[in-house]
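Working notes, beginning with the structure itself.
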Amino acid sequence: MPELERKIKEKNAVVGIVGLGYVGLPLAVAFAEAGFRVLGFDIQQKRADLVNNRESYIASVSSESLSRLVTGKILEATTSRERRREVDAICICVPTPVTGSKQPDLSHVTHELEVLSGHLQPGQLVVLESTTYPGTTRELALPILERSGLKAGKDFYLAYSPERIDPGSEKYGIRNTPKLVGGIDSTSAGLAELLYSQVADKVVAVSGTEVAEMTKIFENVFRNVNIALVNELAQLCEKIGISVWEVIDAAATKPFGYMPFYPGPGVGGHCIPIDPYYLSNKAKEYDFHTRFIELAADVNEQMPYYVASRIMEALSASGKSLRGAAILVLGVTYKKDTADIRESPSVKVAQLLREKGADVTYNDPYIPVLQLGKDTLESVEITDENLSSADCVVIATAHDCYDIKKIVESSRLVFDTRGVTRGLDRDNIVRLGE
Ligand SMILES: NC(=O)c1ccc[n+]([C@@H]2O[C@H](COP(=O)([O-])OP(=O)(O)OC[C@H]3O[C@@H](n4cnc5c(N)ncnc54)[C@H](O)[C@@H]3O)[C@@H](O)[C@H]2O)c1
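Letter 106 of the sequence shown, counting from 1, is numbered 791 in the working numbering, and no numbers are missing.
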């Protein structure tokens, strides 16, 4: 039995988390709350300092829990490279973006693996959590880590376990979301399964790292494809003159074989618009074209343009030109009730309207300042005056705190991209998908 197994069971293992972002910080807190000493690593000194000063910068982590864990010396953050030697298991949660030409950018992962290989210790378990294409752990991580002179599966253990968080969700967190693990061999898989069973109620072991990597991407492709399908249907419903929202609600009454997805201004965040490209690029190595993925990306990436053109039409129907129109965009994050604007289609809509000459202001309780092209905008209050002075109020991301009824009542024209004005019978509303 590897020494690590005993250490995990006795909660004597020290857990390292690399990348203290949306994924890494909550995971670090989960392990610390489960009774493990946790060392968090980040390249940003500011982030390490914030953690050590007990100040959270991630919505799902409270400063109170950081305070308790840091004060109790259970959780500590550092930018030190060498201190990777102190941990027994290390989970890598660094970003996996795409380049400008939509190629996978594994530079953060590679950088971390190179750092780690310089400090790898016998008996350590390394788990890659970052989303990536099938083959990354075995083909990329393993050879870099073996530059340490240690042999994978014998001297150290290596596994892949994708993060499956649902940002902003109050229902699902690390504890009640089943955690997938795949190892490069059965010992690595067993150790990773044991480690994650300390923080997740259910751990699902699959036959290898490739299956775990592919499953994570498949889950995100599944969302991307279904959102694209409903975005296309929304456009067709407009032409036919029926409500896509009513169609979705009606279809959702079928108790089997259907799951609702909703249209909107596009897809955003660090996962859905990006991860599919990891798979489509990998597929090209096999002369294989992932047509669904490319089609879905195409439809979803067009949505901000489509929404901007519908806003222009709505303004024009009320006798206004987009150029010079005052437009108040409500919600700029990619998803409601989160503070994440990465790849946000709502930002894209605001930018497109501005490029076409509209005078754009915005409100977002989570984003006080927004960089829009070369300009820096500040979130404005939702007041009767701001609503009524806008030629069009665009509900781009419908945060729960928005009082939709009041917004509609005080506005001259509302363009609703999220279907949240349904049930309000007023003729100043134009909805996507109707
Ligand atoms: N955000 C999500 O909802 C989500 C969900 C599931 C999976 N993922 C995946 O998890 C991974 C991390 O995403 P995230 O949203 O947490 O990213 P993030 O940008 O919020 O956080 C990443 C952190 O890693 C740090 N970092 C970058 N390179 C580093 C290095 N070499 N060493 C140490 N720290 C480094 C950054 O400073 C940052 O603090 C990505 O692969 C992403 O696809 C994200």
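Using N, Cα and C, we set each Cβ at its ideal position, and we do this for glycine too.
Helix, strand or coil at residue i according to DSSP, with G and I counted as helix
{"i": "K864", "result": "strand"}
{"i": "L810", "result": "strand"}
{"i": "N916", "result": "helix"}
{"i": "Y991", "result": "helix"}
{"i": "A844", "result": "strand"}
{"i": "V910", "result": "helix"}
{"i": "R739", "result": "coil"}
{"i": "V884", "result": "coil"}
{"i": "V1101", "result": "As written in the sequence, residue 1101 is Asp, which differs from the Val given in the question. Three-state result, D1101: strand."}
{"i": "R1107", "result": "coil"}
{"i": "A890", "result": "strand"}
{"i": "E749", "result": "helix"}
{"i": "P687", "result": "coil"}
{"i": "D870", "result": "coil"}
{"i": "G673", "result": "The chain is shown from 686 up to 1119; residue 673 falls before or after that span and cannot be answered."}
{"i": "T938", "result": "coil"}
{"i": "M899", "result": "helix"}
{"i": "G949", "result": "coil"}
{"i": "D734", "result": "helix"}
{"i": "G926", "result": "coil"}
{"i": "A1083", "result": "coil"}
{"i": "I957", "result": "coil"}
{"i": "I933", "result": "helix"}
{"i": "G838", "result": "coil"}
{"i": "K696", "result": "coil"}
{"i": "A744", "result": "coil"}
{"i": "Y859", "result": "First, the residue type needs correcting, since residue 859 is Ile and not Tyr in the sequence shown. Reduced to three states, the DSSP call for I859 is coil."}
{"i": "A717", "result": "helix"}
{"i": "E878", "result": "helix"}
{"i": "E1119", "result": "coil"}
Cross-strand partners of residue i (DSSP beta bridge)
{"i": "L724", "result": "G701, E761"}
{"i": "D1060", "result": "L1057"}
{"i": "I850", "result": "Paired residue(s): none; I850 is not in a bridge."}
{"i": "D1135", "result": "The requested residue 1135 does not occur in the structure, where the chain is confined to residues 686 to 1119."}
{"i": "V1078", "result": "L1013, V1099"}
{"i": "I1114", "result": "V1099"}
Own chain, CB closer than 6 Å to residue i, minus 5 neighbours either side, in chain order
{"i": "T1023", "result": "P852, G853"}
{"i": "S1073", "result": "S1095"}
{"i": "L1133", "result": "Past the edges of the chain, shown from 686 to 1119, lies residue 1133, and the structure says nothing about it."}
{"i": "A913", "result": "A981, V984, N985"}
{"i": "I1067", "result": "N1048"}
{"i": "L754", "result": "A717, L760"}
{"i": "T822", "result": "L813, Y845, T894"}
{"i": "E740", "result": "S748"}
Close-in-space but distant-in-sequence residues of the same chain around residue i (CB under 8 Å, 5 per side omitted)
{"i": "P807", "result": "L835, D840, F841"}
{"i": "G1058", "result": "Q1036, R1039, E1040"}
{"i": "L876", "result": "P687, L689, E690, I693, A774, L810, Y842, A844, G868"}
{"i": "T900", "result": "P847, L865, V891"}
{"i": "K1090", "result": "L1109"}
{"i": "V746", "result": "L710, P711, V714"}
{"i": "C956", "result": "T816, N905"}
{"i": "V915", "result": "V929, I933, F946, Y947, P948"}
{"i": "V889", "result": "P863, K864, L865, V866"}
Own chain, CB closer than 7 Å to residue i, minus 5 neighbours either side, in chain order
{"i": "I759", "result": "A717, R722, V723"}
{"i": "D727", "result": "G704, L705, A733, A762, T764"}
{"i": "I1114", "result": "V1093, V1099, D1101, T1106"}
{"i": "P989", "result": "P950, G951, P1030, K1033, V1034, L1037"}
{"i": "N1071", "result": "L1013, V1065"}
{"i": "V708", "result": "C778, E814, E848, I850"}
{"i": "P698", "result": "Checking the sequence, you will find Ala at residue 698 rather than Pro. Within the same chain, A698 has close Cβ partners L689, K692, F721, D773, A774."}
{"i": "Y857", "result": "D851"}
{"i": "T784", "result": "D790"}
{"i": "L880", "result": "I693, A774, L810"}
Residue i CB to nearest heavy atom of ligand 3 below 6 Å
{"i": "I1089", "result": "No copy of ligand 3 occurs in the structure displayed; its ligands are ligand 1 alone."}
Length-filtered (4 minimum) alpha helix (DSSP H) runs lying within the segment 959–989: DSSP runs (the alpha helix (DSSP H)) wholly in the segment 959–989: 960–969.
Those runs of the alpha helix (DSSP H) which lie wholly inside the segment 996–1055 and span at least 4 residues: Fully enclosed alpha helix (DSSP H) runs of 4 or longer: 1030–1040.
4-residue-minimum alpha helix (DSSP H) runs that sit fully inside the segment 763–836, ordered along the chain: Segments of the alpha helix (DSSP H) lying fully in the segment 763–836: 792–802, 827–831.
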